[in-house]
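Engineer: Can you read through this structure? Questions will come right after.
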Amino acid sequence: MLNFVGAHKKTESVGDMLRLWRKHNKVSQMDLALDAGISSKHLSFVETGRSKPSRELILKIAGCLKLPLRQRNALLMAAGFASQFKEEPFEGEKMSMVRSALERILQKHEPYPAIVINAAYKILMKNSGYQQVVKTLVGENVFKKYDNVYRMVFAEDGLKNYIIHWPMVEQFMMDRLLGEAVSTQNEELIDLYKDMSKLNIHDSIVDADIDADMPIMILTFEKDSVRASFFTTITTLGTPLDLTTQELRVELLFPADEATKQLFCAAI
1 MLNFVGAHKK
11 TESVGDMLRL
21 WRKHNKVSQM
31 DLALDAGISS
41 KHLSFVETGR
51 SKPSRELILK
61 IAGCLKLPLR
71 QRNALLMAAG
81 FASQFKEEPF
91 EGEKMSMVRS
101 ALERILQKHE
111 PYPAIVINAA
121 YKILMKNSGY
131 QQVVKTLVGE
141 NVFKKYDNVY
151 RMVFAEDGLK
161 NYIIHWPMVE
171 QFMMDRLLGE
181 AVSTQNEELI
191 DLYKDMSKLN
201 IHDSIVDADI
211 DADMPIMILT
221 FEKDSVRASF
231 FTTITTLGTP
241 LDLTTQELRV
251 ELLFPADEAT
261 KQLFCAAI
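Under full-length UniProt numbering, the sequence shown has 227 at position 227, and the numbering climbs by one with no breaks.
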């Protein structure tokens, strides 16, 4: 899997890139050709460079492979075509409707923490519940120093210092980051993984104190003998036609026990 991180940078032709993605998705030439409505011989010629694919065929194959919009653009540009999908600035006018919807979600989740992030975990929006939790743990200036979830957690003065069972959480987060870097080939995400790998000093550890019967990861913070435990849900936007929109994620943190719920009720 490590060999696939950034592998698209080493490939120049659209055929090489298509073959790379097909093999990553563990799809045979015959199966992909059937899905795309072409012969396996035609697909083989495309992959080896003996046949130049049309714009429509590239998008068809990319759709069959369920590639992210960013990688569909990369395939088109590798073949000499203009990109298909735009990347609107998150703060731009065309994204105002999306921002309004996201703001409503964050507000409705109060007093519990919630954020909006992009594919590389940059924090784009946050509610007051999230700000209060993070500032209580690591100080008022944290958002001036870090605008990325991973950097905020992994920094020497970051949230990791207050996370119970940090080695296990660290390994979980690194595994997730690697999986996303591999599956999307997003360059920002790949760079983030490389940076976090330099800070990841623990081997894979399964803590014996973790409740293996729990269906999801519980994230517990502790400071001054006060604990708060959360589980997270992640929401994406449906039917995206833009890179920015497709890569947006809303992370909602819910109290994982009654004690945490009471902490927030007392703060209201």
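All C-beta atoms, glycine included, are put in the ideal place defined by N, C-alpha and C.
#1: Just checking my contact of Lys122 with Asp242 at CB under 8 Å: how many whole Å lie between their CB atoms?
#2: Apart from the five residues on each side of it in sequence, which residues of its chain come closer than 7 Å, Cβ to Cβ, to Glu142?
#3: So, does the CB of Gly80 fall closer than 8 Å to a CB anywhere in chain C?
#4: Any idea if Arg176 is buried or exposed, counting beta-carbon neighbours within 10 angstroms, 16 or more meaning buried?
#5: Within its chain, find whatever has a CB closer than 6 Å to the CB of Ala78; leave out the 5 residues flanking it on each side and keep chain order.
#6: Thinking just about the alpha-carbon of each residue, which of Phe264, Ser51, Leu192, Lys41 is nearest to the one in Phe254?
#7: Of the choices Met217, Leu189, Ser197, whose alpha-carbon is the least far from that of Ala155?
#8: Leu32 bridges to which residues according to DSSP?
#9: Does the beta-carbon of Ser229 have 16 or more other beta-carbons within 10 angstroms, so that it is buried, or is it exposed?
#10: Which residue spans inside the stretch 66–92 form an unbroken alpha helix (DSSP H) run of at least 4?
#11: Does the Cβ-Cβ distance between Leu76 and Arg55 come in under 8 Å?
#12: Hey, quick one: how far does the alpha helix (DSSP H) through Arg50 stretch, first residue to last?
Structural biologist: Result, derived from the coordinates:
#1: Not a contact, Cβ separation roughly 17 Å.
#2: Note that residue 142 is Val in the sequence shown, not Glu. Excluding residues within five positions, the ones whose Cβ falls inside 7 Å are Val134, Lys135, Met152.
#3: Of the protein chains in the structure, only one exists, and it is not chain C.
#4: By the neighbour-count criterion, in which 16 or more other beta carbons inside 10 Å mark a residue as buried, Arg176 falls on the exposed side.
#5: Val14, Met17
#6: Phe264 is the residue among Phe264, Ser51, Leu192, Lys41 whose C-alpha sits nearest the C-alpha of Phe254.
#7: Ser197
#8: Leu32 pairs with nothing; no bridge assigned.
#9: buried
#10: 69–78
#11: yes
#12: Unbroken run through Arg50: none, as it is neither H nor E.
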